[in-house]
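Protein chains in written order, with the numbering used here: chain A, 145 to 466; chain B, 243 to 569.
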Amino acid sequence: MLIRVDNLAKHYPIAGGFFGHRTVGAVRAVDGVSFSIDRGETLALVGESGCGKSTTGRLLTRLIEPTAGTVRFDNMEISEMDAGELRAARRRMQLVFQDAGSSFNPRMTVGALIAEPMHLAGASAADCKARVQELLPLVGLAAEHTDRYPHEFSGGQRQRIGIARALALRPDFVVCDEPVSALDVSVQAQVINLLTRLQREFGLTYLFISHDLRVVRHVADRVAVMYLGRIVEIADKATLYKAPQHPYTRALLSAVPAHRPGAVRKKTEVVGEIASARAVPSGCRYHTRCPYVMPICRTEEPELTELGATHSSACHLVQTSH
Amino acid sequence: MAPALLSVRNLTVAFDTRRGPFDAVRDVSFDVGAGQTLGVVGESGSGKSVTAMALMQLLPDTATLTSGTIAFAGPSGSRNLAALGEREMQKVRGREIAMVFQDPMASLNPILTVGHQIMEPLRLQMGLAKAAARARAEELLALVRIPSPGDILRAYPHELSGGMRQRVMIAIALSCGPKLLIADEPTTALDVTTQAQILELLRDLQERLHMSVLLITHDLGVVAEFADDVMVMYAGRTVERSPVQALFDKPGHPYTEGLLNSMPPLEDEDPEVLQAIEGNVASPFALPPGCAFHPRCPYAFDACRQALPPFAALGEGHEAACLRVPC
Ligand SMILES: Nc1ncnc2c1ncn2[C@@H]1O[C@H](COP(=O)(O)OP(=O)(O)OP(=O)(O)O)[C@@H](O)[C@H]1O
Ligand SMILES: Nc1ncnc2c1ncn2[C@@H]1O[C@H](COP(=O)(O)OP(=O)(O)OP(=O)(O)O)[C@@H](O)[C@H]1O
Ligand SMILES: [Mg+2]
Ligand SMILES: [Mg+2]
Chain A
145 MLIRVDNLAK HYPIAGGFFG HRTVGAVRAV DGVSFSIDRG ETLALVGESG
195 CGKSTTGRLL TRLIEPTAGT VRFDNMEISE MDAGELRAAR RRMQLVFQDA
245 GSSFNPRMTV GALIAEPMHL AGASAADCKA RVQELLPLVG LAAEHTDRYP
295 HEFSGGQRQR IGIARALALR PDFVVCDEPV SALDVSVQAQ VINLLTRLQR
345 EFGLTYLFIS HDLRVVRHVA DRVAVMYLGR IVEIADKATL YKAPQHPYTR
395 ALLSAVPAHR PGAVRKKTEV VGEIASARAV PSGCRYHTRC PYVMPICRTE
445 EPELTELGAT HSSACHLVQT SH
Chain B
243 MAPALLSVRN LTVAFDTRRG PFDAVRDVSF DVGAGQTLGV VGESGSGKSV
293 TAMALMQLLP DTATLTSGTI AFAGPSGSRN LAALGEREMQ KVRGREIAMV
343 FQDPMASLNP ILTVGHQIME PLRLQMGLAK AAARARAEEL LALVRIPSPG
393 DILRAYPHEL SGGMRQRVMI AIALSCGPKL LIADEPTTAL DVTTQAQILE
443 LLRDLQERLH MSVLLITHDL GVVAEFADDV MVMYAGRTVE RSPVQALFDK
493 PGHPYTEGLL NSMPPLEDED PEVLQAIEGN VASPFALPPG CAFHPRCPYA
543 FDACRQALPP FAALGEGHEA ACLRVPC
């Protein structure tokens, strides 16, 4: 096991009052999630926009501090690491940002951007340069791109710069936050093939955040479905796509756009208002939109319960039938 | 096809870079029918966003529209937007043509609240008073399915998730009821359920307000469901134009065919390695002669290396720039 997360939470205070000095509530961006990822495994994280996926990714790579809970990386508790250990650990875990374009320093050339993590880790200029030349073709960019600035690239090209940068230090663990959503399907296929090849060759471990359930089906070993800061279902890929148990997972799968025009798609099952991390509903967080809601769902939050060796779901309906 | 609201002819955009000049968009022509959706797909870097920015006259300083006309049949008659001055163009932007940019974080101002940024066009363009603008802003956020809209008005962009920012951009674009919406990857950061709801909203607005949409997207599923017509771009040029059904049934250009084959399956057997088009996109500074796709094309023959292939018709409104298409 490379990553183990227990009861991880991140709450942001909501400022209120006339001068905004008073805290009037909290955004419960991530609200108690637990999971683990094996070495060499890909865990995909899917769920509604705003449900806390990126926040989870940032917590795992320690870009932000959790409000509660623990993250263990290679059997070491991250919050207990001293500065040196944390630096070493950070080198081994990287993040490909969702919004690649805006995470770059606009005054740095592409070569400098990709080399920056190596440079900070103390690599020589010659080594940096050599590695950049190695990485560019790997992500489908040309060597001549080194001296250009990020704004001179298209959205998809910037995303590939982000991927090259994350791979520069040969990390063990990479959080990929929507790594391919800005790419055309052919380049997307190339980048996915690259990520899976690197995984095979170097035993890389991925947390793969994506909205594209086709892509997730291809890359993931296991899939975790999040809803309003919580994991509502987690299963191996085959089970999740064939026999989803949580009503939200089923709704999500029903909303994937059809492959061809005119193909009849099951009508989107998701109804109702998107719930807010700023006002989390009582009981089961999904009860306000669930077509199968029972009285207990309004008052009691269902626990993530094991349904099989690699399948857990948090739903009262599923629990009563098991 | 419905009478065209927008007719673009021979659009060419050149960039002047330190490495010398190059054309990011070459001789691109297309129509968007009134109340219709034109989907634009193509290789990453093929000039889709630059085309969109040229329509809005929002090109960076280093770029020039070197040729082409942009006929827009707005409320005040048909005009060539390419010839309008900045003052006149300001009146067109937002009110008649609105744009959702590909990179929402870069187009929202980080130091202003979301509310400020939604209310500004409502106050300036629509002349609403502050209270009315605030009420309308909340309505717009609810329309794009943002929960707790009142709270979100007070939030700063960095406090929103990627998909929320994208929806804020859509809300701003819709705020003045444009005739044409240019949406550059408007749903890439959205989960499939929210995406379905946003597309339903756009379709509804399209019917009620007779709005046209130029939809740039990589998601062929979205194109299949939402577009009436499709334009495929490769290396700055249009390589195929088609009604949506015909494009999926009978792709005319080998690049289009490669794209359709690259889509991972949802139900069928999952392949070990995804199909991708071999090779990389050509450098704009060193475009291959003839058809720019020929080095990657499985069907290329000698003539493809010689001269630019002309468009050949495949059916009603369906044409591809490929020599293999029988004339
Ligand atoms: N710095 C912050 N301050 C306050 N709230 C925040 C902050 N960052 C995130 N949030 C809130 O936390 C919630 C989760 O955000 P997050 O970015 O993790 O969502 P996400 O699942 O990645 O969504 P998307 O799919 O749209 O990218 C959202 O409601 C967001 O508004
Ligand atoms: N400011 C700029 N300076 C120089 N070149 C640029 C600039 N902006 C874009 N380009 C180049 O112009 C070409 C077209 O870019 P554009 O952003 O239109 O691509 P795109 O089709 O939208 O791609 P994507 O799908 O990745 O968003 C690319 O080769 C890109 O590198
Ligand atoms: Mg996110
Ligand atoms: Mg673009």
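The beta-carbon is built from N, C-alpha and C at its ideal position, and this holds for glycine as well.
Contact with chain B by residue i, beta-carbon distance below 8 Å
{"i": "A:G299", "result": "yes"}
{"i": "A:S426", "result": "no"}
{"i": "A:G306", "result": "no"}
{"i": "A:Q277", "result": "no"}
{"i": "A:N219", "result": "no"}
{"i": "A:V359", "result": "yes"}
{"i": "A:Q343", "result": "no"}
{"i": "A:I336", "result": "yes"}
{"i": "A:P401", "result": "yes"}
{"i": "A:Q242", "result": "yes"}
{"i": "A:A423", "result": "yes"}
{"i": "A:E229", "result": "no"}
{"i": "A:E322", "result": "yes"}
{"i": "A:S457", "result": "no"}
Reference residue i, options the options, closest by Cα
{"i": "A:R404", "options": "B:E328, B:A466, B:Y497, B:P391", "result": "B:A466"}
{"i": "A:R304", "options": "A:V240, A:A265, A:A270, A:T349", "result": "A:V240"}
{"i": "A:T383", "options": "A:T432, A:R292, A:S180, A:R366", "result": "A:R366"}
{"i": "B:L253", "options": "B:A246, B:S320, B:G289, B:A276", "result": "B:G289"}
{"i": "B:L364", "options": "B:D446, B:A415, B:M406", "result": "B:A415"}
{"i": "A:T454", "options": "A:A379, A:E445, A:T393", "result": "A:A379"}
{"i": "A:A233", "options": "A:H390, A:P315, A:V168", "result": "A:P315"}
{"i": "A:A423", "options": "A:M145, A:G373, A:H460", "result": "A:G373"}
{"i": "A:R202", "options": "A:V283, A:D321, A:G169, A:T253", "result": "A:D321"}
{"i": "B:A469", "options": "B:Q278, B:P245, B:A246, B:A534", "result": "B:Q278"}
{"i": "A:T393", "options": "A:M220, A:T449, A:V376, A:V324", "result": "A:V376"}
{"i": "A:L451", "options": "A:E444, A:E445, A:L461, A:R442", "result": "A:L461"}
{"i": "B:V410", "options": "B:F343, B:A374, B:M475, B:M453", "result": "B:F343"}
{"i": "B:A246", "options": "B:Y497, B:D393, B:R321, B:D446", "result": "B:R321"}
Chain A residues whose Cβ lies nearer than 9 Å to that of residue i
{"i": "B:Q344", "result": "G245, S298, G299, A326"}
{"i": "B:T254", "result": "Neighbours of B:T254 on chain A: none; closest Cβ ~17 Å, over 9 Å."}
Residue i: contacting residues in chain A (beta-carbon distance under 7 Å)
{"i": "B:T430", "result": "S325, A326"}
{"i": "B:M406", "result": "S193, G194"}
{"i": "B:L215", "result": "No answer is possible for residue 215 of chain B: it lies beyond the span of chain B, which begins at 243 and ends at 569."}
{"i": "B:F490", "result": "R404, P405"}
{"i": "B:D640", "result": "Given a span of 243 to 569 for chain B in the structure shown, any question on residue 640 of chain B remains unanswerable."}
Proximal residues of chain D, C-beta to C-beta of residue i below 8 Å
{"i": "B:Q332", "result": "Looking at the structure shown, chain D is missing, and the protein chains on hand are A and B."}
Min CB distance residue i to chain A below 8 Å
{"i": "B:L280", "result": "no"}
{"i": "B:S291", "result": "yes"}
{"i": "B:P522", "result": "The question names Pro, yet the displayed sequence has Asn at residue 522 of chain B. Taking Cβ atoms only, chain A reaches closer than 8 Å to B:N522, which makes this a yes."}
{"i": "B:Q487", "result": "yes"}
{"i": "B:L354", "result": "no"}
{"i": "B:S318", "result": "no"}
{"i": "B:E381", "result": "no"}
Closer than 9 Å at the beta carbon, the chain B residues around residue i
{"i": "A:E447", "result": "Those within 9 Å of A:E447 in chain B number zero; the least Cβ separation is about 24 Å."}
{"i": "A:L396", "result": "D433, V434, T435"}
Chain B contact residues for residue i, given Cβ-Cβ distances below 8 Å
{"i": "A:S330", "result": "E285, G500, L501, S504, A518, I519"}
{"i": "A:H390", "result": "The premise fails here: A:H390 is roughly 13 Å from chain B at the closest Cβ pair, so nothing lies under 8 Å."}
{"i": "A:I158", "result": "D393"}
Proximal chain B residues relative to residue i, where beta-carbon distance stays under 7 Å
{"i": "A:R284", "result": "The amino acid at residue 284 of chain A is misidentified as Arg; the sequence shows Gly. Correct list: N522."}
{"i": "A:H355", "result": "L432, D433, V434"}
{"i": "A:A333", "result": "S504, L516, Q517, A518"}
{"i": "A:E288", "result": "S525"}
Per-residue contacts from residue i into chain A (C-beta, under 8 Å)
{"i": "B:T480", "result": "Near B:T480 there are no residues of chain A at all, since even the closest Cβ is about 15 Å away, more than 8 Å."}
Entirely enclosed alpha helix (DSSP H) segments - the stretch 388 to 439 of chain B, minimum 4 residues = 391 to 395, 404 to 416
Does the stretch 500 to 515 of chain B come within contact of the stretch 303 to 318 of chain B, defined as at least 3 CB pairs closer than 8 Å?
-> no
Jot down the residue ranges of each uninterrupted alpha helix (DSSP H) in the stretch 161 to 220 of chain A, minimum 4 residues, whole runs only, in chain order.
-> 197 to 204
Considering only residues of the stretch 476 to 510 of chain B, which uninterrupted alpha helix (DSSP H) runs meet the minimum length of 4 residues and lie entirely inside it, listed in chain order?
-> 486 to 491, 496 to 504
Segment contact flag, the stretch 273 to 292 of chain A with the stretch 346 to 365 of chain A, C-beta cutoff 8 Å, min 3 pairs = no
Does the stretch 398 to 413 of chain B come within contact of the stretch 430 to 438 of chain A, defined as at least 3 CB pairs closer than 8 Å?
-> no
Answer yes if the stretch 413 to 427 of chain B comes into contact with the stretch 326 to 338 of chain B, meaning at least three C-beta pairs across the two stretches below 8 Å, and no otherwise.
-> yes
Check whether the stretch 329 to 348 of chain A touches the stretch 294 to 313 of chain A, taking contact to mean three or more Cβ pairs, one atom from each stretch, closer than 8 Å.
-> yes
Decide yes or no for the touch test of the stretch 277 to 286 of chain A against the stretch 317 to 335 of chain A: beta carbon pairs closer than 8 Å, at least 3 of them.
-> yes
Using 8 Å as the Cβ pair cut-off and three pairs as the minimum, do the stretch 167 to 176 of chain A and the stretch 375 to 387 of chain B touch?
-> no
Touch check for the stretch 422 to 439 of chain B and the stretch 188 to 195 of chain A: three-plus C-beta pairs under 8 Å?
-> yes
Output the residue ranges of the beta strand (DSSP E) runs that lie fully inside the stretch 295 to 331 of chain A and measure 3 residues or longer, sorted by chain position.
-> Whole beta strand (DSSP E) segments, 3+ residues: 317 to 321.
Is the stretch 287 to 305 of chain A touching the stretch 240 to 254 of chain A in the sense that three or more CB pairs, one from each, lie closer than 8 Å?
-> yes
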